[in-house]
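For reference, the structure discussed in these notes is given below.
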Amino acid sequence: MKYELVMGLETHVELSTESKIFCSCGGHSAANEPNDCVCPACSGMPGMLPVMNKRVVELAVTAGLMLNCDINRYTTFDKKNYYYPDLPCAYQITQINHPICTNGLVTVKTSQGARDIRIKQIHMEEDAGKLVHSGNSSYVDFNRTSVPLIEIVTQPDFRSAEEVVTYLNKLKAMFRSGGISECEEGAMRCDVNISVRPEGSEEFGVRTEIKNMSSFEAIEKAIQYESQRHMDALEFDTEELVQETRRYDDASGKTFAMRNKETEADYRYFPDANLMPIVIDDEWLERIKADKPVAVDEKAEEYMAAGISQKEIDVLLSDGKISKLLDDTVALGCDRKDSATWILTDCAGVLSKAGKTFADGVVTAEKLSAIIKMVADGTINRNAGKKVLIAVVEQGAEPVAYCKEQGLDRKVDASAIEGVIDGVLAANPKAVEDFKAGKVKAMGALFGACMKELKGAGDPAVIKQLLEQKLAQ
Amino acid sequence: MNQFAVMMNEKGNIAVDDTLLIKDVPATAGSRILEGFTPLFSAEAVERLQQKGYTVAGKTHVGEFGLDLVGEFSYYAPQSGALQGAAASAVAAGDVKAALGVDMNGAPRRAAALAGVDFLKPTYGTVSRYGVISCAASGEQVGVYGKDAKNVAELMAVIAGHDPKDGTSLKNETYDYTLADVQGKKVALVTDLLQKADEATRAKVLAFADELKAAGVEVVEIDCDLFALANTAWQILMCAETCNNVSRYDGVKYGHRAADYKNIDELYVNTRTEGFNFLTKAVILYGSDVLSKHRYKDCYDKSLRVRRVVSEAIDRLFGQYDALLTPAAFAASFDAYEVKDAFGKVFAQSECTAVANLIGIPALACHGVQLLGKAFDDALLLSLAAAVEKKGE
Ligand SMILES: [Zn+2]
Numbered sequence: 006m007k008y009e010l011v012m013g014l015e016t017h018v019e020l021s022t023e024s025k026i027f028c029s030c031g032g033h034s035a036a037n038e039p040n041d042c043v044c045p046a047c048s049g050m051p052g053m054l055p056v057m058n059k060r061v062v063e064l065a066v067t068a069g070l071m072l073n074c075d076i077n078r079y080t081t082f083d084k085k086n087y088y089y090p091d092l093p094c095a096y097q098i099t100q101i102n103h104p105i106c107t108n109g110l111v112t113v114k115t116s117q118g119a120r121d122i123r124i125k126q127i128h129m130e131e132d133a134g135k136l137v138h139s140g141n142s143s144y145v146d147f148n149r150t151s152v153p154l155i156e157i158v159t160q161p162d163f164r165s166a167e168e169v170v171t172y173l174n175k176l177k178a179m180f181r182s183g184g185i186s187e188c189e190e191g192a193m194r195c196d197v198n199i200s201v202r203p204e205g206s207e208e209f210g211v212r213t214e215i216k217n218m219s220s221f222e223a224i225e226k227a228i229q230y231e232s233q234r235h236m237d238a239l240e241f242d243t244e245e246l247v248q249e250t251r252r253y254d255d256a257s258g259k260t261f262a263m264r265n266k267e268t269e270a271d272y273r274y275f276p277d278a279n280l281m282p283i284v285i286d287d288e289w290l291e292r293i294k295a296d297k298p299v300a301v302d303e304k305a306e307e308y309m310a311a312g313i314s315q316k317e318i319d320v321l322l323s324d325g326k327i328s329k330l331l332d333d334t335v336a337l338g339c340d341r342k343d344s345a346t347w348i349l350t351d352c353a354g355v356l357s358k359a360g361k362t363f364a365d366g367v368v369t370a371e372k373l374s375a376i377i378k379m380v381a382d383g384t385i386n387r388n389a390g391k392k393v394l395i396a397v398v399e400q401g402a403e404p405v406a407y408c409k410e411q412g413l414d415r416k417v418d419a420s421a422i423e424g425v426i427d428g429v430l431a432a433n434p435k436a437v438e439d440f441k442a443g444k445v446k447a448m449g450a451l452f453g454a455c456m457k458e459l460k461g462a463g464d465p466a467v468i469k470q471l472l473e474q475k476l477a478q
Numbered sequence: 081m082n083q084f085a086v087m088m089n090e091k092g093n094i095a096v097d098d099t100l101l102i103k104d105v106p107a108t109a110g111s112r113i114l115e116g117f118t119p120l121f122s123a124e125a126v127e128r129l130q131q132k133g134y135t136v137a138g139k140t141h142v143g144e145f146g147l148d149l150v151g152e153f154s155y156y157a158p159q160s161g162a163l164q165g166a167a168a169s170a171v172a173a174g175d176v177k178a179a180l181g182v183d184m185n186g187a188p189r190r191a192a193a194l195a196g197v198d199f200l201k202p203t204y205g206t207v208s209r210y211g212v213i214s215c216a217a218s219g220e221q222v223g224v225y226g227k228d229a230k231n232v233a234e235l236m237a238v239i240a241g242h243d244p245k246d247g248t249s250l251k252n253e254t255y256d257y258t259l260a261d262v263q264g265k266k267v268a269l270v271t272d273l274l275q276k277a278d279e280a281t282r283a284k285v286l287a288f289a290d291e292l293k294a295a296g297v298e299v300v301e302i303d304c305d306l307f308a309l310a311n312t313a314w315q316i317l318m319c320a321e322t323c324n325n326v327s328r329y330d331g332v333k334y335g336h337r338a339a340d341y342k343n344i345d346e347l348y349v350n351t352r353t354e355g356f357n358f359l360t361k362a363v364i365l366y367g368s369d370v371l372s373k374h375r376y377k378d379c380y381d382k383s384l385r386v387r388r389v390v391s392e393a394i395d396r397l398f399g400q401y402d403a404l405l406t407p408a409a410f411a412a413s414f415d416a417y418e419v420k421d422a423f424g425k426v427f428a429q430s431e432c433t434a435v436a437n438l439i440g441i442p443a444l445a446c447h448g449v450q451l452l453g454k455a456f457d458d459a460l461l462l463s464l465a466a467a468v469e470k471k472g473e
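Residue numbers (our numbering), protein chains in the order written: chain A, 6 to 478; chain B, 81 to 473.
Here's what the structure looks like:
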């Protein structure tokens, strides 16, 4: 029998804010020591009250706009109760009754075609800390407590692991370009709800949830393992499926049921009386909309129209800094397709050879556009352009000045070229002799020697013409 | 009874209940669970008073988390004989000019009534809750004990006003506590509560009503059945919020930790078993129950709806009357009793006080009685009390 896979996703994304969600602690990712980045509020001391970080609201709304959600103008916080040492107040502040965004939609394109994924809701919440185990003891580190998260909950609209991974890549690209999250290792965590049903059936199968995965590769493998387990159970009665929470073990490539205690917990959600409802008025919403970067989809269309390949678009949009460099370079008057090639082929290669990345900011739009323009108007040739780029990356060179210094400028006057040709001809009497005797190949050797002498400066067509004239004399 | 949990400065002119934090001074809220805890900052109300030159004589004992009648169940100062509140007694004895307390379920108002001093539970949101060892965030408020209304007004003018560190703090920077003439004001005496009170209490309320009349205030008797309903709703919300807020006291971070445990579950259970008294445990169990999946809708959620209904009904009353006059408690004095009986006793007595916590209106205990006003009418309540004081002089 053929089976259909049905999945929904809950994705936690750590927001790129300067401070935590309810206190002014900041920079937890740079904290060196455990509990470097804590205050009485985020370590659960009595007397402290949560104060809402408005930036979190703005980033959550931006995410909602990017995912075509309704933005709820009235949004509230609730408390989720459970005891764990990494949760200093023994409750997590989250949103249950009035989440900030609902009812969104995102289109995912895979080899199987496009599919619309409905977003049920996006809500804001705080992260927990972590436990460090050492010998017989455990220690708590609150650096991560109260770091702002958004959780994006989809409807059960995914039908393949490929769609899930494509969706996650798309979120990652959007959130990076939108300044919502850097989506670094571990900053994006996923729970996958999964069930399997006979193809054509309208009813859902028994649903299991695989919790807390952060690597996309692991997510893909976990889905493959878990869906196979469901299909085997349906097809061969290997086991009875039960609704439960499972975890994926990367080493064995299998999923395992978690203790029932955790899945049957009653979190006793209730409204947080310390946080007043947030009301998002028209003015605030308009300001957030104005700051929102162009949606990734619109941008992809723009790029596609310029003749940039889908593969290149994926790379460009995977990192906000790369697409920004492209946009800025184009804004300075360069061709979009040409600039994309420079960035994806030349810059990427030169940077990686030098052990650098786009994030280092050594290749600026100003410098790159100067190089591209010099090549385009024939001031230097493409190879010389690449040399300039290397100099920019390795020495921080200024392209125009560097070309002059190094004599890469092709627009050297004819008399200088003639002088070089004369010198080459004088130094290679044998080749001159050969040419005159009818060996056309000798011309190539002489041309090469001239080019070498000129270090790439001068227009090759002009050099060739002058060389032919001299030899004909 | 020694009223002070921590003595700080013999010459100080104010006392601070141990439910409020003072930087570097041990704070326990009367509970063993916080034994040894020393805060890193001071409550906003304390800070503001200190900036105006007030000095703190010391921290006064409170009953564990302020959950009891008047402060009888402190781990550090158990009471015997006739009950009394520490801060109220210190003010009554003239040891200090005034004191700060946290009114979460009426304890400071009852204590003030017993001692014959004033306590104002201000309008919700007017005084910062920053630095309060919080239990029931939606209804607790920092208030002032004073020898008379003028005294209370003086401190209120200092501590009230917006604090960005408290998300529930209202935006007004200052409030006016000037005492004004009350001639022609209309006060409603709630007869339902009066009938439930003991004779001594009834006498106090009626005497107060006579004094008001003598000061030119019109006093009328009304029936009002909202108090019992408001009390039940508040006890449900208060238990739920308290259960949640004291969850953080788990022996992991600070305060008391059981000596004996083999794993994290035992650390939690043993610490909390030793750290909380019977009343707090009862509140935790009730609170946990009303928030559980199968009870939430019928208990917690319904109480939130009752809060709205009561608020609207009381608002309508204040359309007709400037203030309500009630007993502060049904009894004029309390004898020591067993902690296992505390939950029921507090529940019963809170019928007089709970409505103010539930809907955030100001409540003033004075002359052994209670005055309730509409939101932001704190100064009017103080003016009524002052008018009676003047007559008494
Ligand atoms: Zn903090």
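Beta carbons: idealized from backbone N, C-alpha and C, even for Gly.
Would you kindly work out how many angstroms separate the C-alpha atoms of K378(A) and C44(A), rounded to a whole number?
-> C-alpha separation (whole angstroms): 53 Å.
Locate the alpha helix (DSSP H) running through V419(B), then write down its first and last residues.
-> In this chain, V419(B) is not harboured by any alpha helix (DSSP H), its DSSP state being neither H nor E.
What residues in its chain sit with their C-beta under 6 Å from that of E167(A), if we drop five residues either side in the sequence?
-> Here the set comprises T115.
Compute the beta-carbon to beta-carbon distance between G219(B) and G264(B), rounded to the nearest angstrom, for a pair I have assumed lies under 8 Å.
-> Contact annotation, G219(B) with G264(B): C-beta distance approximately 32 Å; criterion of less than 8 Å not satisfied.
Under the assumption that V449(B) contacts A408(B) (Cβ atoms under 8 Å), give the Cβ distance between them as a whole number of angstroms.
-> In this structure V449(B) touches A408(B) by the C-beta definition: roughly 6 Å separates them, less than 8 Å.
Check whether the Cβ of A362(B) lies closer than 6 Å to any heavy atom of ligand 1, and answer yes or no.
-> Because no heavy atom of ligand 1 lies under 6 Å away, the Cβ of A362(B) does not count as near it: no.
Determine, using beta-carbon pairs with one atom in the segment 11-23 of chain A and one in the segment 206-221 of chain B, whether at least three such pairs fall under 8 Å.
-> Result no; under three Cβ-Cβ pairs closer than 8 Å.
Residue ranges of each alpha helix (DSSP H) run of no fewer than 4 residues wholly in the segment 358-395 of chain B, ordered along the chain?
-> For the segment 358-395 of chain B, the continuous alpha helix (DSSP H) assignments of 4+ residues that do not extend past its boundaries occur at 358-371, in sequence order.
Is the closest heavy atom of ligand 1 to the C-beta of A46(A) under 6 Å?
-> At a cut-off of 6 Å, the beta-carbon of A46(A) counts as near ligand 1: some heavy atom of the ligand is closer than that.
What are the partner residues of R123(A), as DSSP defines its beta bridges?
-> Note: R123(A) sits in a beta bridge opposite L110(A).
Going by DSSP, which residues form a beta bridge with H138(A)?
-> DSSP links H138(A) through a beta bridge to S143(A).
Range covered by the beta strand (DSSP E) that runs through N198(A) = Per DSSP, N198(A) belongs to the beta strand (DSSP E) from 193-203.
Are the segment 43-62 of chain A and the segment 204-216 of chain A touching, with three or more C-beta to C-beta distances below 8 Å?
-> Result no; under three Cβ-Cβ pairs closer than 8 Å.
Would a check of beta-carbon distances place P90(A) closer than 7 Å to chain B?
-> At least one chain B Cβ lies under 7 Å of P90(A).
CB-CB length for L359(B) against F423(B), believed under 8 Å = Correct: roughly 6 Å between the Cβ atoms.
Beta-carbon gap between K7(A) and E131(A) smaller than 7 Å = Contact flag unset, no.
Beta-carbon contacts of T351(B) that lie in its chain and below 7 Å, excluding the five residues immediately before and after = Only D330, G331, H336, R337, A338 meet the Cβ criterion.
State the Cα-Cα distance for the pair Q478(A) and E458(A), rounded to the nearest angstrom.
-> The straight-line gap separating the alpha-carbon atoms of Q478(A) and E458(A) is approximately 22 Å.
Taking the C-alpha atoms as reference points, what is the distance between L14(A) and L460(B)?
-> Approximately 57 Å between the Cα atoms of the pair.
Near E144(B), what residues of its chain come up, given a Cβ to Cβ distance below 6 Å and the 5 sequence neighbours on each side ignored?
-> Closer than 6 Å at Cβ, skipping near neighbours: G110, S111, F153, N357, T360.
Y210(B) CB to nearest chain A CB: under 7 Å?
-> Yes, its Cβ sits closer than 7 Å to a Cβ of chain A.
Quick one: residues in its chain with C-beta nearer than 8 Å to the C-beta of V11(A), no 5 flanking neighbours on either side, listed in chain order?
-> Apart from the 5 residues on each side of it in sequence, V11(A) sits with its Cβ closer than 8 Å to the Cβ of P161, F163, R164, I199, S200, V201, R202, F209, G210 in its chain, given in chain order.
Could you please tell me which residues of the segment 240-253 of chain B, in chain order, have their CB closer than 8 Å to any CB of chain A?
-> Going along the segment 240-253 of chain B in chain order, one finds P244, K245, D246, G247, T248 with a Cβ nearer than 8 Å to chain A.
Would the beta-carbon of C3(A) be found less than 6 Å away from any heavy atom of ligand 1?
-> Outside the modelled stretch of chain A, which goes from 6 to 478, sits residue 3(A), for which no answer is possible.
Step through the CB atoms of chain A and report whether any lies within less than 7 Å of the CB of R375(B).
-> Chain A contact via Cβ: absent.
Uninterrupted alpha helix (DSSP H) stretches inside the segment 423-451 of chain A (no shorter than 4 residues) | At a cut-off of 4 residues, the continuous stretches assigned as alpha helix (DSSP H) that sit fully inside the segment 423-451 of chain A are 434-441.
Pick out whichever of C352(A), R387(A), P434(A) has its Cα sitting closest to the Cα of A370(A).
-> It is C352(A).
Determine the direct distance from the alpha carbon of N388(A) to that of V437(A), and round the result to whole angstroms.
-> The alpha-carbon separation between V437(A) and N388(A) amounts to approximately 28 Å.
Of all the residues that make up the segment 287-321 of chain B, which are near chain A by a beta-carbon distance shorter than 9 Å?
-> Answer in chain order: L317, A320, E321.
Can you grab the Cα-Cα spacing for the pair G325(A) / S383(B), in whole Å?
-> Rounded to the nearest angstrom, the gap between the Cα atoms of G325(A) and S383(B) is 49 Å.
Does any residue of chain A bring its CB to less than 7 Å from the CB of E473(B)?
-> Bear in mind that a pLDDT of 49 at E473(B), under 50, signals an unreliable position, so the number given afterwards is only what the model happens to contain. So no, E473(B) is outside the interface.
Can you tell me where the alpha helix (DSSP H) with H235(A) in it begins and where it stops?
-> First-last of the alpha helix (DSSP H) with H235(A): 221-241.
By Cβ distance below 7 Å, which residues in the same chain neighbour V284(A) in space, the five residues on each side in sequence not counted?
-> Excluding residues within five positions, the ones whose Cβ falls inside 7 Å are R78, Y79.
Would DSSP call N446(B) helix, strand or coil?
-> Reading off the sequence shown, one finds Cys at residue 446(B), where the question assumed Asn. The answer is strand: DSSP assigns C446(B) an E or B state.
Compare the C-beta of L120(B) against all C-beta atoms of chain A and say whether one is closer than 7 Å.
-> Yes, L120(B) counts as interfacial toward chain A.
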